[in-house]
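Protein chains: 2
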Amino acid sequence: MMVKPKNSPICPITAALDVLGGKWKVFILSYLAEHGTLRFGELKRLIPKVTQKMLAQQLKELEEAGLVNRRVYAQVPPKVEYRLTAHGQTLCPVLRSLREWGYLHREKLGAEEVTCPEVSAEKLIAVE
Amino acid sequence: MMVKPKNSPICPITAALDVLGGKWKVFILSYLAEHGTLRFGELKRLIPKVTQKMLAQQLKELEEAGLVNRRVYAQVPPKVEYRLTAHGQTLCPVLRSLREWGYLHREKLGAEEVTCPEVSAEKLIAVE
DNA sequence: TAATGCAGGTACCTTTTTGAAACTATTGAT
DNA sequence: ATCAATAGTTTCAAAAAGGTACCTGCATTA
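Chains as they are written, first to last, in UniProt numbering: chain A, 1 to 128; chain B, 1 to 128.
In structure tokens form, the structure reads like this:
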């Protein structure tokens, strides 16, 4: 996580990356945007490679950032639900466009594997 | 950088984060989107906190990912220009929406500093 | 009485990332 | 002969991030 230089006007990109810059945060936010409400274990199953520790940690940071809401039910075994806060919902367009681009980029990757490795015109050296 | 599990269909988010997930990449891409063409030193000045090493490394990775084009002029002292490739340009909407959200989020942060620290309604414990 | 399910917490360790500082190459200007 | 300018690279060390394995609490169920 980037440290916020307190009392200095930070650029918008920094402000965004400060709260989104964990290894799993965008995944978590994406799934919450898609499913609305998810329990801890459901998120864990949706993101198989995340460890319990990391999932808990990233969720806590997202909660502290005001993007995710944590609702604890007073029952045993425990039940905790996560959802986007109103402010978290404002991320949906960003998440959508990122996801869309990822889709596009993945297509591009797949396409490049089959084309012959010709030198792209952009690699040529320019002489002034 | 996340490792791409070769020959396994990766989700779009992973595909995107694989190439965008460096500490400085989004900054670099943003500035290139904004300015069109930038030399190494210009980028360095635009992002004061990045070190030479990191800037060079992230640029190299962006180039390898096909998002950034590197043009070397055969002159001394060296002159190298960076710009977005066509594929890199497809990121512009993503960068724009991220930047816009960052702007919004920064406003929110500023607003919270002055409001009294009341317990948000979302913090209440639910009982089923 | 013991095991089960859920949502974590924690200590310890390894890996990855990042930073600081010095070094390189080349040529024209002083 | 030396310096300046640009775009890096290299080495070593520090810091951050991440993973593993194990621990907790407690009502319910077998």
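Beta carbons: idealized from backbone N, C-alpha and C, even for Gly.
Counted as a single uninterrupted DSSP element, the beta strand (DSSP E) harbouring threonine 37 (chain A) occupies residues 37-39. Here the C-alpha atom of lysine 53 (chain B) lies approximately 13 Å from the C-alpha atom of isoleucine 47 (chain B).
Interface with chain A (8 Å Cβ-Cβ cutoff): proline 12 (chain B) is included. Not a single CB atom of chain B sits nearer than 8 Å to the CB of phenylalanine 40 (chain A). Going by C-alpha positions, arginine 71 (chain B) is about 44 Å away from lysine 60 (chain A). Contact between leucine 104 (chain A) and valine 26 (chain B) does not hold, since the beta-carbon distance rounds to 17 Å and is not under 8 Å. For valine 68 (chain A), the enclosing beta strand (DSSP E) starts and ends at 68-73.
Valine 80 (chain A) sits close to phenylalanine 40 (chain A), with the two beta carbons spaced by under 8 Å. Scanning the UniProt domain "HTH hxlR-type" (11-110) of chain A from its first residue to its last, the whole alpha helix (DSSP H) runs of 4-plus residues come out as 12-20, 25-35, 40-46, 52-64 and 86-89. Contact note: tyrosine 103 (chain A) reaches chain B through Pro12, using a C-beta cutoff of 7 Å and chain order. Each residue's CA atom was taken as its position, placing proline 12 (chain B) and tryptophan 101 (chain A) some 8 Å apart.
Alanine 65 (chain A) and arginine 106 (chain A) have their C-alpha atoms some 30 Å from each other. Spanning the alpha carbons of threonine 51 (chain A) and tyrosine 73 (chain B) requires a straight line of approximately 48 Å. Across the structure, leucine 62 (chain A) and glutamate 112 (chain A) are spaced so that their CA atoms are roughly 36 Å apart. From the listed residues A:Leu67, A:Gln58, A:Arg99 and A:Pro78, the smallest Cα separation to glutamine 89 (chain A) is found for A:Leu67.
Looking from the CA of leucine 55 (chain B), the closest CA among B:Gly36, B:Tyr31 and B:Leu91 belongs to B:Tyr31.
When the Cα atoms are used, leucine 91 (chain A) and lysine 108 (chain B) turn out to be separated by approximately 13 Å. For alanine 86 (chain A), the number of other beta carbons within 10 angstroms of its own is below 16, and it is reported as exposed. Taking C-beta atoms as the reference points, leucine 84 (chain B) and alanine 15 (chain B) fail to come closer than 8 Å.
Only residues of its own chain outside the window of five on either side were considered, and among them Ala65 and Leu67 have a CB closer than 7 Å to the CB of valine 19 (chain B), listed in chain order.
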